[in-house]
Each structure stands twice: as C-alpha cells, then as structure tokens.
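There are 4 protein chains.
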Amino acid sequence: MSRLSRTESQAQTRTALMDAARTLFVQLGVNAASVDVIAERAGYSKGAFYSNFASKERILSALLAEHMRSYVLGLRELLDEAESFENLWERLRVYYRSKAADPTFEILSVEFQLLAVRNPDVRAIYLELCQEHVADLAGIMELACARLNLHLLIPAADIVDVLAALAQGVVLQSQLGRPEGAMPIEDLMLIVSRQLIGCEHWPTSTAKP
Amino acid sequence: MSRLSRTESQAQTRTALMDAARTLFVQLGVNAASVDVIAERAGYSKGAFYSNFASKERILSALLAEHMRSYVLGLRELLDEAESFENLWERLRVYYRSKAADPTFEILSVEFQLLAVRNPDVRAIYLELCQEHVADLAGIMELACARLNLHLLIPAADIVDVLAALAQGVVLQSQLGRPEGAMPIEDLMLIVSRQLIGCEHWPTSTAKP
Amino acid sequence: MSRLSRTESQAQTRTALMDAARTLFVQLGVNAASVDVIAERAGYSKGAFYSNFASKERILSALLAEHMRSYVLGLRELLDEAESFENLWERLRVYYRSKAADPTFEILSVEFQLLAVRNPDVRAIYLELCQEHVADLAGIMELACARLNLHLLIPAADIVDVLAALAQGVVLQSQLGRPEGAMPIEDLMLIVSRQLIGCEHWPTSTAKP
Amino acid sequence: MSRLSRTESQAQTRTALMDAARTLFVQLGVNAASVDVIAERAGYSKGAFYSNFASKERILSALLAEHMRSYVLGLRELLDEAESFENLWERLRVYYRSKAADPTFEILSVEFQLLAVRNPDVRAIYLELCQEHVADLAGIMELACARLNLHLLIPAADIVDVLAALAQGVVLQSQLGRPEGAMPIEDLMLIVSRQLIGCEHWPTSTAKP
DNA sequence: AATGAATGAGGATTCATTCAT
DNA sequence: AATGAATGAATCCTCATTCAT
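In order, the protein sequence lines correspond to chains A, B, C and D. Its first residue numbered 25, the first sequence is counted upward by one per residue in our numbering. Its first residue numbered 25, the second sequence is counted upward by one per residue in our numbering. Its first residue numbered 25, the third sequence is counted upward by one per residue in our numbering. Its first residue numbered 25, the fourth sequence is counted upward by one per residue in our numbering.
Next comes the structure, spelled out in structure tokens:
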C-alpha cells in the first residue's frame, strides 16, 4: 500500500521526467535526447512520458517555465537585500558567477528559441512564457534602481533584453572554452550591466586589467 | 561540350550546394534540413553532396567560414572608410541594421555552437574558425579606434566577444518577434558598442529616449 | 441521490459508449478509432469502457448484433404490411434508399468481417451472429413470398446472401462517390431482387431503362 | 559483378516487395502487415521499401493496379474466345471458380476501399484506378454480348458495378466459411450474371436446385 | 462502476551514409 | 564527379490494456 496519493505520485513522476529531460537536453541537445532515453533515465516508460507531456516541446517549455520562475525569485531576493550600491555589484557578481558555472537555463533557452523560430506553435508558447518573464525582471530592476537612486540609460525592459541576450551568447560561448586571457564572463556581464545603468564606478574585478 | 573545366564545374556544384544548405539550415534548422533535400534543392543528388562535403557538419563549417570571411572584409571596409567619429556611428548603425534584417550568420553560428558543445570534433573545428575570426575583428577594431582616438573600455577581443554574443542573442530574439515598443536591435547594439568604447555622445536614434 | 438505479446507470454508460463507438468506427475505421477517443467522446474514461466491454472487438460485435436485431424487426414490419405485389416493391425501394443514405450497418459489417477473416475468435463470434441473422431474414422472405405467391429463383438463404453481399459492396462503393450517370444504388438492389424472385414486371424506376 | 543493370535490380526489388506485401496484406490485413515485416519477408530493409514506395497505401495501390490490369487481360481473352452462348457460361463459371479459390483481389479491394473512405488522398487514387477499370470491363462485356446477340438488362457499366460489388461481398463472406448447403459462390455469381444479361437458359449447376 | 496513470510493444517514417554503377 | 538504391539504426508517438485508487 503506497504512502503517496495518486496526485502525489504523478507529481513525482513528472518531476523525475523533468529532471532527466533537463540533464539530457543540456548534455545531448533537445534533438539528440530522445523521449525514450529521457523516460528510461527517469525510471519510467515512454508511455509515462506521454501521459505527462504532450510532446518534447512541452516538457522543454515546462522546464523553461520552472527555471524562469526560480530565476525571478532568486533575483528578487538578491536585489531586494542589496543595501548599498557596492553591495549590489557584489551580489550581481556572485549571481553572474553562478550563471557562468551552470549553463542550464541559457542552453535550454537557446534550444527553445531555435525550435520556436521554426515552429509557430512553439513560438506562441515561447512568446507567452517570455513576456511575463521579461516584465517581471524589468519590474525587479526598476525597483532596485529606484531604491538605490540609480539611473537607467535605457528602459528597463530593453536592459533586460540586452542582458538576457548577452548572457545567452556568452554562456554558450563559455561552454566551448574561452581562450586564455579572455575576461571571465561574470566580469563581462557586470561591465555591460554597469554601463547600462550609467555609473562611473568600476567593478573590482578579478580579471587582469 | 561544356564550357566549364572540371574544376570550375565542381566549384559550381559546391556553390549550389552551399547556397541550398544555407537557406535550408536557416529555414528549417540544421537538424531538420536533410542532405537529401539540400541536394535536391541545389539540383543535384545526394551523391554530389557527399562528393563535396564529408558530412553535414562540414558544409555548415564551410558556410560559416565563408560568412566570417566576408564579415571581416565588410567590416574592415566599413571602418577603414570612417573619417570621423560621427561617421563611424552612422556606418555602424547601417551595419547593424543589415544584420537585423538578415539573421543568416547568427542563426548558423548558434546552430554550429550547439553542435560544437556536444561534439568534440565539431568543437575543434569551431574553435579554430572562431579564434582567427575574433583576432581579425579585434585587430580591425583596434585600428579604427586608434585612428579616431577612441578609448576602449576593455580589451578589444573582449569587446568583440561581447558584441558577437549580444548580436547572436538579439538577432535570435528578433526572429521570434520583438514586443511593441522594444528598442530596435540596431540601437541596442549601438548603445552597447558606444558604452564599451567609452564615449559620452549619444547615438542619434530612431528609438524613444 | 441519483434517479437511476445502478443497472440503469450502467445501461446508460453502455449506450453512450456504443453510440460513440458506432460513429467513430464508421468515421475513422475500427482500427483508427481508439478506445481512448471512444470513451472520451462518450463522456467517460477508458476505465468505463473496459468495465463494459472486454475489447474493441466486443463492442463492435455488440453494435452489429444490435443493428441486426433492428434490421430484422424493420424488415419484418415492412414486408408483413405489404398488401400487394406492387406495394412490396415500393416498400423495398424505400428501404434500400434508406440503406443507401446510411452506410453504418454495411461499414460495420465489412470491418467486422475483415477482423473475422484474420482472427478465429472474432470469426466464431461473427459466424454465430450471422447464422441467426440470415436464418431470420430468409424466414421473413419466404413468408412474404408465400403470402404474395412469388416464386423464388433460388433458395431464400442464398438470395439473402446475395443481397447482403451486394448491399455491402454497393454501399461501400457509394461512399467513395459513384460516377455520373451510374444507376442509384436502390435501383441496382431492386433489380437484382426482382430478378432473383423471378418476376417479369419492371420496377418503376427513376433510373434510365 | 552483377548481371543485372541498376534498373533491372530495382525492378526485382520492387517485385519482391509487392509479392511480400500482397501475401501479408491478405493474410494479416493491411493494417496489421507492418512495413517492417513486409520488407523483411521480401528480403530487404525497411529503407528499400521506402525508396520504392512512398507509403503503405502506395504499395497497396500498385498492387491493385497490377491486379486490375491482369484481370482485364484475363477476362478479355476469356470472353473473346467464347464461340457460343453455352461456351460463354462455361467459361464464366471457370472464371468465377478461380475467383472463389483466390480471394486476393477482392480482399485487397475491400481494404483499399476502406482506406479510401477515410482518407481523401487515398480516395483520389482509388477513383482514378477504378474508373478506368470499370470502363474497360464494361467495354469487354458490351463487345462480347454484341457478338453473341445477348441483351443487357441494364447498362454494362452498372452490371459491372453489381458484379464487382457482389463478388467482393461474396468472396469476403466465403473466407469466413459458408454454411453447409449454401450455393457455391461461382453459381451465385453466374445466376446473377445471367439474370442481368436477361436470358432464360439455366446454368447447369453443381448446386442443389 | 469508474478513473486515469502507467506500461511497453509496436508502428510508420526519416535520414546520414555507403557503394556499385 | 555524380547517381540513387539500399541500409538499418533511430525517432516520435500511439494504443490496447492493466491496476491501484
């Protein structure tokens, strides 16, 4: 007699499948990660996959939505607790460093975007997902800047766009091995962040000047 | 009796195949564009494809190399002819606008990077391709800046990295339809370019301040 | 508290499932109509289906049995009320016209026969179903003919066989669109019927002589 | 070094696949006969199947077309050589008996019709196939009847329709086992044929009167 | 009786690649 | 160099059926 109710057990299945998919999508690519293998790695059958997700695109979008949610949560906490200007940058650096270390979100994003470019249905899903996300991030940024009296060079939504696009490109590149002497990607991110928020102070960087 | 020598005729086949592949890779994605369809669209058979390229990755890398070559050529000309500071920005704006209109290079790059992340052989090809390219671009940028007495905020190679990553992310996003009221992507690119080159002058933008 | 007793409510479920199955079997074919979709269309779940029918073949045979029952009933009434010779033909024409308009029974029969050809278990079910049906029909026909002093060219059971086979083939064909100028299928049926009952009178047909 | 030219060898593959498909379609049904098994039974790979036929429907239609061709040829020869009235019936009986013994054509026809009812593309293929076939058969019948001074009760095309439909239904039924005492199906076919050609002579039948 | 999550075998089809011509 | 038939592994997805709830 199982401890789990039906709903709980299904949630567990769903989670296991998503965990497996996340790992495999990043490792092999969405295309090469077959439903078969995802299900197997999660410890379930193909059928279980399809009774939880209508398609590979759907699990990918679920994954992305989840990441966006926790991204927003994390960032909000991070920025809300920044008491001073200097502290903000320090926190951001930590944040970007963690991004650099775990490319999951960015890789999934790129994969999804590529799918979305070619498939209108996927595109619709993507756009919906994205709009809310960007709005959330822009809101957080505006709030934090207002609190710290920082001046935004361009509208917050555009800054978010730039930073997201840049993060994606830079993280992807970092996966391929950055050349010797190249600036750490968290510094890159930080510099652009600063420039767009229009401040003259330089980040105390670990990179060679 | 053909006018073309054997070499010429082979070059022609190669070009036709590359044209077809370029179009289809962008349209359908590298994965969905089958060798069969590429060959057919080029007016040849699968056999012709494999007589000219060892694999799909190889034609993709050839495509990318070609784009990089013409990219460098174009940019060099563009910047070499910039007489004044203001003229430089104007030229850059035109340049970025054309990028925004034709996502071919960025899409191909992303596809190739994704392949490279997962496959060491492809990665090796990519890195070689890229290093030279980045060095070329950095050289061009340094030269132009020196000529115009512009100050680079960070090393030229890192700026090139940032701009390439940003362009990739932003172009990809633009393919999915940018929201109403978002800044045109050439303005985004221009602003970041300026900020990294450390100048206080604002671009004369079509975007809302 | 429900008005329906348990038995009634189950009968209702059964009926709903059979209605859904009938429609879908005709529309999509037995094979393409999945249990899932049948149940859903009936407003129930897969489980309800399997609580009422052991398999897809079983619901098909139930459907067929039902049709045969009502077929026999309808035909008996039709023929029993035929007072005169001419009246009989007129009634038969009406009958065949209704067949032509609703191919349900014939389509289900063909599907079942095809299943029966390949599966001995299904075959056994089919044969039992069929034998009684043919006997019933032959009985009705003999009675009617006796009453009207009509002479059967060959044994009634064989006539029933011929007419059933013909109806099946002709109805199936009519579903595919009969060519311009082809005789209406009720006329075709009527002519063969007459010829097998050995009468010289011609049906008053809408078809060209 | 193979004796067969490329074309010959492909024709051989095609034939082998069609032979296998014919057998398996009749034995298991179109639906249950998987491409996998067809290819295997033919001694080729699945890929060979798809490089010869675009789909299962296509091989079925090729099969049907082939049967129709040889059907027409056979019937033409049969009827053209009938010198006398009695001889014609005798030949027809032989012909129908062979039909009864080998249900291949009729089974394939039914399967194809069922597919055609549900799929417009298949329907288009079917109708084209069928129209020519029916016209051919009607032509043959008219010629033979003219030569032998036989009177057709209804237009030849309609007779062909009736006989085809009847043959289909009757052959299908015969596959399920005809009951004891039922008339042989060649007699059934013959009687209807005679009645529709309007002659008073009775076939010398092996069946009980 | 009814639910619906999970199974897992199977199916059609695609595709990079090979190789005899 | 180019053709295109053939390979055969791989992929996504469907579905009848089971069973714990």
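Just so you know, even glycine gets a beta-carbon here, dropped at the ideal spot from N, CA and C. It should be emphasised that the depicted structure is a prediction, and the values quoted were computed from it without experimental measurement.
The beta carbon of Ala44 of chain A sits closer than 6 Å to the beta carbons of Ile62, Arg65 and Ala66 from its chain, once the five residues preceding and following it are set aside; these are given in chain order. Using a Cβ-Cβ cut-off of 7 Å, Gln192 of chain A is close to Gly193 of chain B, given in chain order.
Using a Cβ-Cβ cut-off of 7 Å, Arg117 of chain C does not count as an interface residue toward chain D, since no Cβ of chain D sits closer than that to its own. With respect to the 7 Å criterion, Asp182 of chain D and Val96 of chain D are not classified as neighbours on the basis of their beta carbons.
Leu220 of chain B and Val194 of chain B do not touch by the CB rule: their CB atoms are close to 15 Å apart, not below 8 Å.
Exclusion of the five residues before and after Pro144 of chain C leaves no residue of its chain whose Cβ lies closer than 6 Å to its Cβ. Using a CB distance cut-off of 7 Å, Asn55 of chain A counts as an interface residue toward chain B. In this structure Ser85 of chain C touches Ile149 of chain C by the C-beta definition: roughly 5 Å separates them, less than 8 Å. Assignment of Asp182 of chain B by DSSP, reduced to helix, strand and coil, places it in the helix class. Interface flag for Leu196 of chain A against chain B is set, since a Cβ pair is found closer than 7 Å.
Short of 7 Å from the beta carbon of Ser69 of chain B, and not among the five residues preceding or following it, lie these beta carbons of its own chain, in chain order: Ala63. DSSP places Tyr95 of chain D in the uninterrupted alpha helix (DSSP H) bounded by Lys80 to Asp104. Collapsing the DSSP output to three states places Gly205 of chain A in coil. 7 Å or more divides the Cβ of Leu177 of chain A from the Cβ of Arg117 of chain A.
For Leu187 of chain B, the closest of A:Glu166, A:Val216 and A:Ala162 by C-alpha to C-alpha distance is A:Val216. Straight across, the Cα-Cα distance linking Pro208 of chain D with Glu114 of chain C is about 31 Å. A distance of 7 Å or more separates the beta carbons of Arg100 of chain A and Glu210 of chain A. If you check each beta-carbon in the segment 197-219 of chain A against every beta-carbon of chain B, the ones closer than 7 Å belong to Gln197, Gln199, Leu200, Gly201, Pro203, Ala206, Met207, Leu212, Ile215, Val216 and Gln219.
In this structure, the beta-carbon distance from Tyr119 of chain D to Leu102 of chain D falls below 7 Å.
DSSP places Val134 of chain B in the uninterrupted alpha helix (DSSP H) bounded by Thr128 to Arg142. In the three-state reduction of the DSSP assignment, Glu107 of chain D falls in the coil class. Residue environment analysis places Gln137 of chain A among the buried positions, since at least 16 neighbouring C-beta atoms fall within 10 angstroms of its C-beta. Bounds of any alpha helix (DSSP H) do not take in Tyr68 of chain C, whose DSSP letter is neither H nor E. Collapsing the DSSP output to three states places Gly53 of chain C in coil. Taking the C-beta atoms as reference points, Arg142 of chain B is found no nearer than 7 Å to Leu87 of chain B.
With respect to chain A, the C-beta atom of Asp182 of chain B has a partner C-beta closer than 7 Å.
If you draw a straight line from the Cα of Pro127 of chain C to the Cα of Val54 of chain C, it comes to about 15 Å.
Taking C-beta atoms under 8 Å as the contact rule, Asp185 of chain D and Gln197 of chain C qualify, at a distance of about 7 Å. A distance below 8 Å between beta-carbons, with the five flanking residues on each side excluded, links Ala40 of chain A to the following residues of its chain, in chain order: Ala66, Gly67 and Tyr68.
The C-beta distance from Gln192 of chain D to Ser133 of chain D rounds to 6 Å, short enough to fall under 8 Å.
Using a CB distance cut-off of 7 Å, Gln137 of chain B counts as an interface residue toward chain A. For Arg142 of chain B, the closest Cβ of chain A is nearer than 7 Å.
C-alpha of Val158 of chain B to C-alpha of Arg147 of chain A: approximately 32 Å in a straight line. Of all residues in the segment 145-178 of chain A, only Arg147, Tyr150, Leu151, Cys154, Gln155, Val158, Leu177 and Ile178 place a beta-carbon less than 9 Å from a beta-carbon of chain B. Residues of the segment 86-119 of chain A that bring their beta carbon within less than 9 Å of a beta carbon in chain B are absent altogether.
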